[in-house]
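Numbering (the UniProt record's numbering), first residue to last: 1 to 616.
Using N, Cα and C, we set each Cβ at its ideal position, and we do this for glycine too.
Written out as structure tokens, the structure is:
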């Protein structure tokens, strides 16, 4: 007879989560690093009480914003290369919906996080309950349905025993390298408190390890044949290289074969910046060294990348008409993009088998030497734009140079939306794998500070540096207070260009008038004079506004010694960006306008579109 234990659904949920383990470097540890929670009437009595009972085995963390706590959970998973992750819980209504943006972020970036929003009463007695949004035509619909298109797996728990198959399925998705992404289990609030006789075996400790599928023999043979025929081969390293921890395998293959490497936003730091074959960033935000090779390459080995629009220059970057793309990816959906030869496999396993099968083959020396010359030229350009300056309003690049000189490559550098991703992708000299942490898959303003907190939770012994613009800071800064409360020190460099400088530049580039992006161009009675340093101090941080690049370097040296989160503010120029490098990007310009600037931009746009190789 099966032994059972009587628990509420919420108690069963938390006990199950606490029993799930993983192995990292031979050491067994909980796979859930904890649960982020903001309690409300839809989860405080059920999930809240259940979390209290397991607080020692499954720690609960309190945040100030539901979206921010989910960002922190996602960054934690990314910093752990998806080997460990977290759960987040909220009440129904606005608390749940605040997490949907974060769910989309996790979905796009293939990152594991377990969302546990409260839901309406399954018994429909208190109907409509507080915060319930009624659908006039569908009695089963709730706001949590918004999670469906941005979850890899979704379930609504309307009976206590349903949590058994739901959690088993959730763990399969969260730990599968191909399916990996957000899981949402919407928890009806009355069901959270209902009891059921659960089998004790449901709570047995289980160890989950990263699956590493090896390539199909025929796909491997086709990829090897294509590479051996190549005269100008190129590797694009995507985020999958880091998730698979395949940096050593990548280095071994390219060093043996003499193939240059370029990196996507997600894949940057797959190789250290000073590796002789690392051409650094590729695509719209790429270096001249990488993009020149991408234009000429006849075989492109795309490893662990989605080949999204920024990487491919809107289908216009790879100009060699006879090129072949090899898609080495654990997810077949990505492996077959751009009519690629698919090589469905774990990145580390696939690279190792490619290296063995190439059996000493090398790319032509002229191609490898050409890449080295291009890298040297790019480095000279990068040194110029990141050099110190006495300008009252330095460029983003000059601030990046100051941070690099003061902090070095031995930090985790974290950023997200705005102008910084383009400049950092090209200019930041990353060190160890995972030391460059970008959220540019969904380009989510407000990720930065919460993401920095999550990265610090994953890597408490590492120095985490967050670079953020004033626009993102104003959107979501609350977790500065959480970082102070938890004793997790961040160094935050806030670049104040007084508005949305990146989009303002894009507006100008497409013929638009300066409108509604910089504060001075938005409707106003009085221009705001925001004291960001005073604001950060009010949240418990150490803060200072510096007046120069040299002052920033001095302040960063002090920030290293500080024991709590430090925010350093510097005014920057909203109009300057690095001209070297980069590639065209398809941003549609109106066909008809009364403004000649827009009409001129449209003509230029139509010319550029001729470069696109549609479906190629």
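C-beta atoms of residue i and residue j nearer than 9 angstroms
i, j, result
"residue 61", "residue 95", "no"
"residue 597", "residue 513", "yes"
"residue 113", "residue 102", "yes"
"residue 467", "residue 400", "yes"
"residue 613", "residue 318", "yes"
"residue 260", "residue 371", "yes"
"residue 269", "residue 301", "no"
"residue 69", "residue 36", "yes"
"residue 351", "residue 232", "no"
"residue 118", "residue 90", "yes"
"residue 250", "residue 230", "no"
"residue 414", "residue 75", "yes"
"residue 485", "residue 207", "no"
Alpha-carbon to alpha-carbon, residue j and residue i
i, j, result
"residue 137", "residue 154", "22 angstroms"
"residue 579", "residue 379", "14 angstroms"
"residue 116", "residue 460", "26 angstroms"
"residue 599", "residue 592", "7 angstroms"
"residue 403", "residue 553", "7 angstroms"
"residue 364", "residue 217", "26 angstroms"
"residue 538", "residue 568", "14 angstroms"
"residue 254", "residue 263", "13 angstroms"
"residue 215", "residue 77", "26 angstroms"
"residue 398", "residue 453", "26 angstroms"
"residue 79", "residue 594", "49 angstroms"
"residue 329", "residue 390", "47 angstroms"
"residue 181", "residue 54", "25 angstroms"
"residue 134", "residue 25", "49 angstroms"
"residue 362", "residue 339", "25 angstroms"
"residue 432", "residue 189", "45 angstroms"
"residue 585", "residue 310", "7 angstroms"
"residue 88", "residue 307", "30 angstroms"
"residue 240", "residue 442", "16 angstroms"
"residue 59", "residue 449", "21 angstroms"
"residue 469", "residue 4", "54 angstroms"
"residue 235", "residue 100", "34 angstroms"
N-terminal and C-terminal residue of the beta strand (DSSP E) that residue i is part of
i, result
"residue 316", "First-last for residue 316: undefined, no H or E at that position."
"residue 180", "Run containing residue 180: none; DSSP gives neither H nor E here."
"residue 20", "20 to 24"
"residue 90", "85 to 90"
"residue 278", "278 to 281"
"residue 421", "Here residue 421 belongs to no beta strand (DSSP E); instead the alpha helix (DSSP H) covers 420 to 427."
"residue 632", "Any answer about residue 632 is impossible in this case: the structure gives the chain only from 1 up to 616."
"residue 27", "27 to 30"
Classification of residue i by the beta-carbon crowding that lies within 10 angstroms, buried from 16 upward
i, result
"residue 515", "exposed"
"residue 84", "buried"
"residue 274", "exposed"
"residue 383", "exposed"
"residue 562", "exposed"
"residue 321", "exposed"
"residue 165", "exposed"
"residue 125", "exposed"
"residue 588", "exposed"
"residue 127", "exposed"
"residue 172", "exposed"
"residue 616", "exposed"
"residue 27", "exposed"
"residue 280", "buried"
Proximal residues to residue i (C-beta, below 8 angstroms), its chain only, five neighbours per side dropped
i, result
"residue 528", "519"
"residue 312", "283, 318 and 338"
Residue i, enclosing alpha helix (DSSP H) - first and last residue
i, result
"residue 456", "447 to 458"
"residue 551", "549 to 561"
"residue 502", "501 to 509"
"residue 292", "288 to 296"
"residue 535", "532 to 538"
"residue 333", "332 to 335"
Same chain, Cβ closer than 6 angstroms to residue i, five either side skipped, listed in chain order
i, result
"residue 131", "92 and 93"
"residue 265", "425, 438 and 440"
"residue 464", "412, 452, 455, 456 and 490"
"residue 331", "178"
"residue 349", "212 and 214"
"residue 545", "533 and 569"
Cut-off 7 angstroms between Cβ atoms - residues of its own chain near residue i, not counting five sequence neighbours on either side
i, result
"residue 517", "499, 500, 503, 504 and 507"
"residue 16", "167, 202 and 203"
"residue 406", "553, 556 and 557"
"residue 471", "418, 445, 499 and 500"
"residue 522", "516"
"residue 106", "74, 113, 181 and 182"
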